[in-house]
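To start, the structure itself, in structure tokens.
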Amino acid sequence: MQSSVWLRSLVRRRLCRPWLPLLAITAFAAPLTLPVDARGQSTDPTTAKQTSRQNEAQRITIILARELRDAPPPLSLLDFPPEDEGIAGAKLAIADNNTTGRFLKQEFTLDVIEAAADELVLRVKEKASAGAGFVVADAAPNTVLALSAALDGQNALVFNAGSGDDALREENCRKNVVHTAPSRAMLADALAQYLVWKRWRRWFLVHGTQPDDLAYAAALRRAANRFGAKIVEERAYEYEVGSRRADGGHEQIQQQIPTFTQNVPDYDVLVIADESDQFGEYIPYMTWDARPVAGTQGLVAASWHPALEQWGGTQFQSRFQKLANRPARPLDYNVWIAIRSIGEAATRTRSADPEKLIAYLKSAEFDVAGFKGRKLTFRAWNGQLRQPILLSTPKLPLTVSPQPGFLHQFSELDTLGVDEPESKCSNYAP
Amino acid sequence: MSRIGTALSISLAAGSILFAPQISAQTVFVTNEKDNTVTVIDGDTLEAVKTVKVGQRPRGVTLSKDEKWLLICASDDNTVQVYDARTMEFVKSLPSGPDPELFILHPSGNPLYIANEDDNLVTVVDIEKGTVLAEIPVGVEPEGMGISPDGKLLVNTSETTNMAHFIDTATNEIIDNVLVDSRPRFAEFTKDGRQVWVSAEIGGTVTVIQPETREILAKITFSIPGIVQDAIQPVGVRVTKDGKRAFVALGPANRVAVVNAETFEVEKYLLVGQRVWQLAFSPDERLLFTTNGASNDVSVIDTEKLRVLRSIKVGRYPWGVAVASF
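What follows is the structure, given as structure tokens:
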């Protein structure tokens with residue numbers, strides 16, 4: 384009796400702060416510490432027994448493993464990635480999980496490890512041996528495989544949030560690796576569907592010469608073939624990686640790009656594969672023929688956009704901005720959805736046991752909402768998260784794939800990326 | 035009186051209404067999320083008669099118990115606006131907490147319980163005095179608000195936490211939480227107070243919960259030939275006063291499901307406009323009005339014949355709907 388009067392006045396005194404002290408929450412949430420079944424059936428707090436085990440919060444630790452790598456600086460001053468890219472997404476997901484977790488006595492904590500590949504794998508392995516079951520990786524494909532090998536045999540799951548490498552989902556798939564980052568195939572397919580819907584079927588493909596550029600170009604070729612576009616011409620843009628910044632610049636670009644893009648058979652759209660971001664931003668509005676640009680620059684396919692406001696996206700953007708003081712980038716979203724998936728599994732299984740959570744996450748029952756207007760689920764044959772892909776300008780998401788009219792026997796989302804019958808993955812299993 | 039006479043003669047002359055309505059005065063208010071307006075529809079002629087500029091991003095809308103006031107959640111203004119329901123003149127603003135999305139009045143007429151979508155809160159406001167009585171921390175992205183007919187139990191749903199929170203209105207404390215399917219959007223008590231219906235937009239289901247015991251009585255699923263399952267996204271739910279039938283708005287499936295509220299079986303699907311979200315009965319429950327966000331119109335359903343009578347063009351992205359008995 385007295386405690387509820389105190390709590391009522393505490394609620395009123397705390398009007399300005401949305402968060403009550405943890406003690407008060409624990410006190411008035413007493414019924415929730417009782418073994419509640421999946422229906423959340425409550426029991427009378429004054430007569431029910433509470434064991435000390437049930438009073439303790441279940442703890443789930445999630446590791447964010449960031450590989451420190453050298454990357455050439457982006458072409459635009461606006462595109463330097465923030466230092467906490469990915470980390471901010473993780474922090475938001477932990478906060479969201481904990482808001483739910485306080486109703487279920489579950490507590491999520493984040494452990495960020497940033498290191499070069501070898502050291503990263505060693506430190507993650509140490510934590511996993513100590514019981515951590517979840518590793519969200521922002522790492523190169525080989526490092527993801529090394530993490531997978533280091534955690535082999537343990538109840539641990541690696542979430543690939545940073546690499547679009549198709550081989551990681553195909554011949555290099557692993558039982559203990561799932562993917563929240565979209566694959567290059569998914570991105571290229573998303574773009575191709577829109578370009579074909581627009582009837583821009585004749586493509587001029589321009590690509591860089593770095594391995595990542597070539598991989599993206601390969602994905603575009605596959606997508607063109609898949610959806611009925613024709614690559615009428617292909618050219619490699621060879622450049623000298625000189626100084627990014629000089630006091631001049633546009634005079635030569637204005638000469639070089641038109642020359643580079645002239646004498647091309649009739650085409651509708653220039654598709655560009657410049658993942659290294661070394662020249663692609665120069666292409667729009669500089670081409671010999673007046674044509675739209677799409678690919679890694681121009682109209683870009685990605686898992687997220689900081690201006691997406693549909694499907695309640697405003698709420699995500701708003702929470703992210705408050706936490707990180709900057710807009711959310713695709714990597715932040717990929718990391719967020721990985722950690723939210725763990726939270727969702729923990730909510731549904733009422734467990735913190737990695738083995739149980741991993742089994743649930745990979746099962747047909749699992750789904751997670753990700754502000755994209757439909758359920759997101761992991762593909763049963765390779766652990767890739769199925770998701771709508773946004774096609775955007777730097778300012779706005781313009782359209783979302785899969786495009787209307789592209790049908791599929793089981794899920795339209797599977798028109799993006801490598802589908803089950805084509806899959807080369809033999810090492811993944813739910 | 036003369037307005038009714040005019041309405042009758044118009045309908046007889048034009049012959050555009052498919053049935054002869056029983057003359058019961060009613061006015062329908064629709065918030066247009068993108069236009070920042072409210073469309074006022076004459077419930078007898080079923081024509082839009084007025085468009086009124088209101089606050090920014092108007093969403094939830096409700097009438098005060100005496101129907102003197104129309105209350106609107108002006109989400110981007112972070113306020114609840116109060117208008118004279120008959121003249122649509124602005125009366126006052128109420129504090130609401132940030133980003134109010136949906137709200138519900140205590141059956142006695144006061145206070146108002148508001149879901150603050152952006153801040154994981156329910157704010158309790160005295161609508162006469164214009165004061166905040168309490169803030170209740172809930173899950174992530176609260177939206178749905180239901181209240182028991184005796185006013186003792188408030189149910190709020192959190193979209194990302196996926197729970198229906200049961201709140202004791204005497205203490206303003208959460209007494210229990212029921213996990214539902216993904217992205218719950220709406221909570222509706224039956225008139226006898228024995229059930230609360232909770233829709234899950236992404237999960238694609240409606241869960242019926244016993245409010246006293248929090249036992250799950252049923253989980254209703256939907257299946258429409260020719261429509262992908264992912265497009266079936268339940269949002270608004272309304273149950274008739276006699277507890278026999280429920281209507282569920284199914285979002286981008288563009289249909290309203292008619293559910294037998296005793297057996298929980300779906301009887302029929304009614305095709306309305308695009309992205310149907312919210313529903314409201316006429317006072318006699320013979321008509322049901324639906325807001326079709328993506329086609330900018332409101333559908334009118336005859337609840338006895340289970341037919342869609344017509345669509346009424348309103349503003350852009352109609353969201354909330356409320357019906358007055360005048």
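The listed protein sequences correspond, in order, to chains A and B.
Residues 384 to 813 in my numbering are what the first sequence lists, from first letter to last.
Residues 35 to 360 in my numbering are what the second sequence lists, from first letter to last.
The beta-carbon is built from N, C-alpha and C at its ideal position, and this holds for glycine as well.
Secondary structure at S127 of chain B: strand, using DSSP grouped into helix, strand and coil. The C-alpha of E67 of chain B lies about 11 Å from the C-alpha of K87 of chain B.
Contact between A515 of chain A and L493 of chain A does not hold, since their C-beta atoms are separated by about 11 Å, which reaches or exceeds 8 Å. The Cβ neighbour count for P787 of chain A, taken over all protein chains shown within 10 Å, is under 16; the residue is labelled exposed.
For the pair T325 of chain B and V310 of chain B, the CB atoms are nearer than the 8 Å cut-off.
When the beta-carbon positions are compared, G270 of chain B and F323 of chain B stay at least 8 Å from each other. Of all residues in the stretch 209-237 of chain B, only I209, D210, N211, V212, L213, D215, S216, R217, E235, I236 and G237 come within less than 9 Å of chain A when Cβ atoms are compared, listed by chain position. Distance from the CA of P132 of chain B to the CA of V159 of chain B, rounded to the nearest whole angstrom, comes to 13 Å. D153 of chain B and Y622 of chain A have their C-alpha atoms roughly 49 Å apart. Residues of the stretch 477-504 of chain A whose Cβ lies closer than 7 Å to any Cβ of chain B, in chain order: D479, T482, T483 and F486. For H633 of chain A, the closest of A:Q767, A:S686, A:L551 and A:Y665 by C-alpha to C-alpha distance is A:Y665.
Around Y650 of chain A, the same chain offers R585, W586, F587, V615, E616, D672 and R674 as residues with beta carbons nearer than 8 Å, after the five sequence neighbours per side are excluded. DSSP, reduced to helix, strand and coil, places Y811 of chain A outside both helices and strands of the structure shown, so it counts as coil.
E175 of chain B and E193 of chain B have their C-alpha atoms spaced approximately 5 Å apart.
Taking a contact as a CB-CB distance under 8 Å, the pair V560 of chain A and S531 of chain A counts as one, their CB atoms being some 5 Å apart. I772 of chain A places its beta carbon less than 8 Å from that of P565 of chain A. When the beta-carbon positions are compared, L139 of chain B and L128 of chain B stay at least 8 Å from each other. At a cut-off of 8 Å, the C-beta of G173 of chain B has a neighbouring C-beta in chain A. The Cβ atoms of K225 of chain B and P183 of chain B lie closer than 8 Å to each other. In this structure, I236 of chain B sits near S216 of chain B, with a CB-CB distance shorter than 8 Å. Against chain A, the CB of N70 of chain B has no partner CB under 8 Å away; the residue lies outside that interface. Taken in chain order, the complete beta strand (DSSP E) segments of 3 or more residues contained in the stretch 170-254 of chain B are 176-181, 187-192, 197-202, 207-213, 218-223, 230-234 and 239-243. Counted as a single uninterrupted DSSP element, the alpha helix (DSSP H) harbouring G472 of chain A occupies residues I470 to L487.
For the stretch 678-701 of chain A, the set of positions with a beta-carbon nearer than 7 Å to some beta-carbon of chain B reads G695, Q698 and S701 in chain order.
In terms of beta-carbon proximity, A752 of chain A lines the interface with chain B, with at least one pair separated by less than 8 Å. The alpha-carbon of T526 of chain A is positioned some 33 Å away from that of T482 of chain A. When secondary structure is reduced to three states using DSSP, S333 of chain B falls in the strand class.
Residue pairing by DSSP puts W103 of chain B in a beta bridge opposite B:D118. When C-alpha distances from Q693 of chain A are compared across A:L682, A:V783 and A:Y743, the shortest belongs to A:V783. Look at R757 of chain A: its C-beta is under 8 Å from a C-beta on chain B. If you look at D160 of chain B, you'll find it in the beta strand (DSSP E) that goes L155 to D160. In this structure V495 of chain A touches I470 of chain A by the C-beta definition: roughly 6 Å separates them, less than 8 Å. Shown here for E497 of chain A: same chain residues with a beta carbon closer than 7 Å to its own, the five before and five after excluded, namely R449 and L451 in chain order. Y303 of chain B has B:A291 as its beta-bridge partners, per DSSP. Boundaries of the alpha helix (DSSP H) around W719 of chain A: P713 to T732. Ranked by Cα distance from K347 of chain B, the first of B:S329, B:S359, B:V357 and B:E123 is B:S329.
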